[in-house]
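Report on the following structure.
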Amino acid sequence: MNLKPLIACCLFLCSAVLHAQQSKAELPEGILRLQKAYPDFIDKVDHKSITLKDGTVFAYDDGKKDKTFEQLLDEPDLEDQFRFPYPAKFSVKGPKKGEDPGRIRFMPLFHKMYGSTQAEVRSKLKEIVWLPKTLNVKIQVSAVNGVADKLEAISKELDEKPEFRPYLENPGGTFVWRVIAGTKRMSMHSFGMTIDINVKQSHYWQWDCKCINEDAKLGYKNLIPQRIVEIFEKHGFIWGGKWYHYDTMHFEYRPELL
Ligand SMILES: [Zn+2]
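Per the working numbering, the very first residue in the sequence shown carries number 3; after that it's consecutive.
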């Protein structure tokens, strides 16, 4: 029996598999994270871009290095979203100056997923009940990416812990189509994939420094228990309390960072 064709065939298949594994391993981690986080929208990825199911191609890296912090906020690419790793652990001292994991957002992707106009975002909202047993407050959140279902699961879990109630009652809001005060940037609340918990138990850097200057020296403050944060993070939400420019009421659906 002539084994040569069989061996040649095996070698070919092995090298094809190895090559496929190698090229996947070489993809930037951020691209792999995006692909895993948003399977409903991302059709395919390569080393330089992501392609959405509607055919839109977004470059991963715009090639611009040395952006200032303001430029990272105002004109980021997808790669910049991963500039600051989101920490698994919490430090009572707060993050280092300028470390804002999650505050850098490539807005065209979020507009594509959640809606590019107020009416479009609104058409994708779903009403859920926030802490049905203890608070029973109706809130509107996006059904896109399963956000409403995930927030409902978080709400059920938090509902079992009466000691958390002071932090969760009178939620500060979910969907509001608006720009961030003092900037031209859209607030992530415009997409209905964020929630502010009780404002009265929270701290926001602009209220404390009475300024909007990103360079301001800030003193970190927080009252929100970490067990609440952990429940949100488990379901794909990041917390604004892990930003140097802290916003401890703010939770935002950003599974690519977790
Ligand atoms: Zn917020």
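Just so it is clear, CB atoms sit at the ideal spot from N, CA and C, and this is done for glycine as well.
For residue 158 and residue 185, the gap between their C-alpha atoms comes out near 35 Å. Listed as beta-bridge partners of residue 53 by DSSP are 46, 59. Rounded to the nearest whole angstrom, the CA to CA distance from residue 99 to residue 243 is 13 Å. If one requires a minimum length of 3 residues, the beta strand (DSSP E) runs lying completely within the segment 207-249 are 239-241, in chain order. For residue 118, no alpha helix (DSSP H) encloses it, and the DSSP letter there is neither H nor E. As the crow flies, the alpha-carbon of residue 75 is around 24 Å from that of residue 144. In this structure, the beta-carbon distance from residue 248 to residue 195 does not fall below 7 Å. Between the segment 90-106 and the segment 28-47, the count of C-beta pairs closer than 8 Å stays below three; the two stretches do not touch. The beta carbons of residue 241 and residue 253 sit closer together than 7 Å. Between the segment 127-142 and the segment 79-88, the count of C-beta pairs closer than 8 Å stays below three; the two stretches do not touch. In this structure, residue 126 sits near residue 146, with a CB-CB distance shorter than 7 Å.
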